[in-house]
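K.L.:
Let me give you the structure first, and then I'll get to my questions.
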Amino acid sequence: MPFSPTRTRTVAIIGGGPAGLMAAEVLGAGGVKVDLYDAMPSVGRKFLLAGKGGMNITHSESFDAFVSRYSGCEEQVARWLERFDASAVRDWIHGLGVETFVGSSGRVFPTDMKAAPLLRAWLHRLRESGVEFHMRHRWLGWRGSKLLFAAPAGELEVEADAVVLALGGGSWARLGSDGAWVPILQARSVDVAPLRPANCGFDVDWSEHFSSRHAGEPLITVAVSARDAAGRITRKQGQFVVTQTGVEGSLIYALSAPLRDQIEAEGSTTIWLDLLPDLGAERVLDEVSRPRGARSVSSHLQSRLGIKGVKSGLLHECLSKQEFADPARLAAALKHLPVTLRRPRPIDEAISSAGGVRLDAIDQESGMLRAMPGVFVAGEMVDWEAPTGGYLLTACFASARAAANGALAWLGTSGN
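Position in the sequence shown (from 1) plus 1050 gives the number in the working numbering.
Okay, here's the thing in C-alpha cells:
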C-alpha cells in the first residue's frame, strides 16, 4: 500500500482492554492518528474487575523464571518481553504517577492496591496524546476494505491505514471478551485455535450431602499434586475453595492448564490433596494410630491433628467406611487424598482463556497477520496462556507494544 509522505496515517484499534490501550499509547507517541473502538460503554472493564481484590500488575522474579511461566509459547513471549519486561512495566506505572511495591510472594502491586487510579491516569495521558475513543461500537468485520461497526447511530464504515485487533479472549463476556471475533477472522483464512478456559475451576460432582455443608469453605494450608500430559507430577502448596460443584482458587488456577489438558485427553483427571503438608507421613500415621478410647475417629483426628470442618468432610466424601476405619489407609489419605476432576468450569467463568490466533498465523516480529497485511493482533486473543500473578497483564502489555511498533514500521513511521 503506498503512503503519501505528507498524509497523517490512521490506525484503528479495536478493543479497549489493557492491550488495546497500550497499543494506543505507542501509536499515539508514534505520530499517527489513533481511533480506539470498543463495544462497551467504557474501556478497561475487565482490568478494573481484576483490580478489585488488589491490582497485581506484574511479578518481580528473574527474566528466565518469568518467561518459563508461559508454557509452550516461551520463545514468542520472550520476544515481546525482551522489549518490555516486568521492570519496564513498573517504570511505566511510575511514569503515570503511581508507585508500586513488591509483596511477599514477589507479586507487584500499586501502593494503594487499586486499578481505578492507574486507569484514570492512563486515559488522561492517552487523551492528551490525541487518542479518540469510540464507545458502544461493536465490530462486525469488514465491508470490502472498510471496517464495519454497529454504532449507536447505526452501521458505520471506517477506513484505516492499519488495524490493531485487541479483542481479548472468551472469558467474562459481560465485560466485552466474548470471542465473537473468531468466525470473522476464520472467514479471512486466519488460523484460530479453539478458545478454552484457563485459570479456571473444575467440577468434581460432590454429593449433595458434602456440597450442602461445605460449599464456599476454604482449604487453607494444603498441597495439591497433579500429573501433566507427560506424566510428570507437580506439587504446589497454598489454598483453594470448595464450591457447590467442585474446586477453585489460586492453588487450582496454578495447575489448571495441565488439569484441563488431561481432562480433554482422558475424560477426567485426578489430583491428590495433602491435608497436612507441614507434617511428615510417619508423624501422621503415629497420631492416627494412637488409642482413641471412646472417641469417634472424627473426634480423634480433630484432637490429634486438627482435622475438622471441610477437611474432615473431604475424608468422608472421598473414602469408603472401611478406608476411614483403617488407621494406615486413613493416614495415607490425609497425605495423599485422591479427588477426581470431571470437567473445567465454563469459559465465561474463567479468569482468562487459552487458544486464539495461532502463533504461526502471525509474523513473529511485527504481530501482523500473515493472511491480512496491515492487520495486527495483540493480547489475550493470541494463542498463549499464563497463570495469574501478573504474567497475563505483562504479556498483554508487551504483545501490544510489539504489535503497535509493528504497525508503525509497516506504515513507515518510527516506533518505540
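Yeah, the Cβ is synthetic: ideal placement off N, Cα and C, and Gly gets one too.
On the three-state DSSP scale, how would you describe R1392?
P.N.:
Looking up residue 1392 in the sequence shown gives position 342. R1392 falls in the coil class under three-state DSSP.
K.L.:
Counting only runs that start and end within the stretch 1135-1172, where is the alpha helix (DSSP H) found for 4 or more residues in a row?
P.N.:
Listed in chain order, the complete alpha helix (DSSP H) runs (minimum 4 residues) inside the stretch 1135-1172 are 1136-1145.
K.L.:
Using a 10 Å radius around the Cβ and a threshold of 16 neighbouring Cβ atoms, would you call V1425 buried or exposed?
P.N.:
Locating residue 1425 in the sequence shown gives position 375, where the first residue counts as 1. Its Cβ being crowded by 16 or more others within 10 Å, V1425 is buried.
K.L.:
Return helix, strand or coil for K1371, following the three-state DSSP convention.
P.N.:
What you label residue 1371 is simply residue 321 of the sequence shown in a count that begins at 1. Correct three-state label for K1371: helix.
K.L.:
Check the C-beta distance from A1165 over to A1216 and give it rounded, since I have them as a contact under 8 Å.
P.N.:
Counting from 1 along the sequence shown, the entry for residue 1165 is found at position 115. Counting from 1 along the sequence shown, the entry for residue 1216 is found at position 166. Not really, about 18 Å apart at Cβ, beyond 8 Å.
K.L.:
Alpha carbon to alpha carbon, how far is L1351 from A1344? Give it in angstroms, no decimals.
P.N.:
In the sequence shown, residue 1344 corresponds to position 294, counting from 1. In the sequence shown, residue 1351 corresponds to position 301, counting from 1. Between A1344 and L1351, the C-alpha separation is close to 13 Å.
K.L.:
Between the stretch 1397-1416 and the stretch 1217-1229, do at least 3 Cβ pairs fall closer than 8 Å?
P.N.:
Counting Cβ pairs under 8 Å, three or more are found: they touch.
K.L.:
At least one CB of chain D closer than 8 Å to the CB of A1344: is that the case?
P.N.:
The structure shown contains no chain D, having only a single protein chain.
K.L.:
So, L1077 versus A1454, is the Cβ gap smaller than 8 Å?
P.N.:
Numbered from 1 along the sequence shown, position 27 holds the residue referred to as residue 1077. Numbered from 1 along the sequence shown, position 404 holds the residue referred to as residue 1454. Yes, the pair counts as a contact, with Cβ atoms nearer than the cut-off.
K.L.:
Taking all protein chains shown into account, do 16 or more other C-beta atoms lie within 10 angstroms of the C-beta of Q1126, making it buried, or fewer, making it exposed?
P.N.:
The count along the sequence shown starts at 1 and reaches residue 1126 at position 76. So Q1126 counts as buried.
K.L.:
Among P1388, A1459, A1450 and G1462, which residue has its Cα nearest to the Cα of R1133?
P.N.:
Working through the sequence shown from its first residue, we reach residue 1133 at position 83. Out of P1388, A1459, A1450 and G1462, A1450 has the C-alpha closest to the C-alpha of R1133.
K.L.:
Could you give the C-beta distance for D1324 and H1386, rounded to a whole number, given that I count them as a contact under 8 Å?
P.N.:
Within the sequence shown, residue 1324 is the residue found at index 274, counting from 1. Within the sequence shown, residue 1386 is the residue found at index 336, counting from 1. Sure, about 7 Å apart at Cβ, within 8 Å.
K.L.:
Between S1239 and the rest of its own chain, which residues show a CB-CB distance below 8 Å, the 5 nearest in sequence each way excluded?
P.N.:
Along the sequence shown, read from residue 1 onward, the residue named residue 1239 stands at position 189. Hits under 8 Å: A1421.
K.L.:
Taking 8 Å as the threshold, find out whether the stretch 1319-1333 comes into contact with the stretch 1262-1278 through three or more Cβ pairs.
P.N.:
Output reads yes: the stretch 1262-1278 touches the stretch 1319-1333.
K.L.:
Could you tell me the boundaries of the beta strand (DSSP E) in which Y1087 lies?
P.N.:
Locating residue 1087 in the sequence shown gives position 37, counting from the first residue. Its beta strand (DSSP E) spans residues K1083 to Y1087.
K.L.:
Counting along the chain, where does the alpha helix (DSSP H) carrying Q1312 start and finish?
P.N.:
Your numbering for residue 1312 matches position 262 in the sequence shown. Start and end: S1306 to E1316.
K.L.:
Pick from A1138, D1162 and W1434: whose alpha carbon is nearest that of G1405?
P.N.:
The residue you call residue 1405 lines up with position 355 of the sequence shown. Looking at the Cα atoms, W1434 is the closest of the given residues.
K.L.:
What does a CB cutoff of less than 7 Å around A1436 pick up in its chain, not counting 5 residues either side in sequence?
P.N.:
Position 386 of the sequence shown, counted from the start, is the residue given in the question as residue 1436. Closer than 7 Å at Cβ, skipping near neighbours: R1119, Y1120, L1442 and A1445.
K.L.:
Taking DSSP's pairing of strands, which residues face T1319 in a bridge?
P.N.:
Counting from one through the sequence shown, the residue named residue 1319 turns up at place 269. Paired residues: L1391.
K.L.:
Does the count of Cβ pairs from the stretch 1289-1301 and the stretch 1242-1259 closer than 8 Å reach three?
P.N.:
Segments in contact, yes.
K.L.:
How many Å lie between E1182 and Y1087 at the Cα?
P.N.:
Translated into the one-based positions of the sequence shown, residue 1182 becomes position 132. Translated into the one-based positions of the sequence shown, residue 1087 becomes position 37. Rounded to the nearest angstrom, the two C-alpha atoms are 9 Å apart.
K.L.:
Compare the Cα-Cα distances from L1380 to each of K1286, A1079 and S1348 and report the closest residue.
P.N.:
Residue mapping note: residue 1380 aligns to position 330 of the sequence shown, counting from 1. Among K1286, A1079 and S1348, the Cα nearest to that of L1380 is on S1348.
K.L.:
Under 8 Å, do R1129 and T1108 count as touching if we go by C-beta distance?
P.N.:
Counting from 1 along the sequence shown, the entry for residue 1129 is found at position 79. Counting from 1 along the sequence shown, the entry for residue 1108 is found at position 58. No. Outside cutoff.
K.L.:
Along the chain, where does the alpha helix (DSSP H) that runs through R1456 open and close?
P.N.:
Taking the sequence shown and counting its residues from 1, one reaches residue 1456 at position 406. For clarity, residue 1456 is Gly in the given sequence; the question names Arg instead. From DSSP, the alpha helix (DSSP H) with G1456 extends over Y1441 to W1460.
K.L.:
For the beta strand (DSSP E) that S1402 lies in, which residues bound it at each end?
P.N.:
The residue you call residue 1402 lines up with position 352 of the sequence shown. S1402 -> beta strand (DSSP E) spans S1402 to V1407.
K.L.:
Should F1053 go down as buried or exposed, given a rule of 16 or more other Cβ atoms within 10 Å for buried?
P.N.:
Reading the sequence shown from its first residue, position 3 is the one you call residue 1053. Here the model assigns F1053 a pLDDT of 48, short of 50, so the residue's position is not dependable, and the following value carries that caveat. F1053 is exposed by the Cβ-count criterion.
K.L.:
Which of the three DSSP states, helix, strand or coil, is assigned to H1109?
P.N.:
As a working mapping, residue 1109 is identified with position 59 in the sequence shown. Strand, per DSSP.
K.L.:
Per DSSP, A1418 forms a beta bridge with which residues?
P.N.:
In the sequence shown, residue 1418 corresponds to position 368, counting from 1. Checking the sequence shown, residue 1418 turns out to be Met, not Ala. Its beta-bridge partners are F1426.
K.L.:
Bridge partners of F1116, per DSSP?
P.N.:
Along the sequence shown, one-based indexing puts residue 1116 at 66. None; F1116 has no bridge partner.
K.L.:
Pick out whichever of D1255, K1286, V1232 and A1279 has its Cα sitting closest to the Cα of L1245.
P.N.:
Within the sequence shown, the letter at position 195 stands for residue 1245. Selected option, being the one with the closest Cα: V1232.
K.L.:
What first and last residue would you give for the beta strand (DSSP E) that runs through S1275?
P.N.:
The residue you call residue 1275 lines up with position 225 of the sequence shown. First-last of the beta strand (DSSP E) with S1275: P1268 to R1277.
K.L.:
Identify, in the order they occur along the chain, each residue of the same chain with its Cβ nearer than 6 Å to the Cβ of T1320, setting aside the five sequence neighbours on each side.
P.N.:
Numbered from 1 along the sequence shown, position 270 holds the residue referred to as residue 1320. Excluding residues within five positions, the ones whose Cβ falls inside 6 Å are P1388 and T1390.
K.L.:
I'd like to check one pair, D1211 with L1461: are the Cβ atoms closer than 8 Å?
P.N.:
Working through the sequence shown from its first residue, we reach residue 1461 at position 411. Working through the sequence shown from its first residue, we reach residue 1211 at position 161. Going by C-beta atoms, L1461 is nearer than 8 Å to D1211.
K.L.:
From what residue to what residue does the beta strand (DSSP E) around H1350 run?
P.N.:
Taking the sequence shown and counting its residues from 1, the one referred to as residue 1350 is at position 300. Taken as a continuous stretch (DSSP letters only), H1350 belongs to no beta strand (DSSP E), being part of the alpha helix (DSSP H) at V1347 to L1355.
K.L.:
Tell me the DSSP secondary structure of V1242 in three-state form.
P.N.:
Stepping through the sequence shown from its first residue, residue 1242 is reached at position 192. DSSP places V1242 in strand when its eight states are reduced to three.
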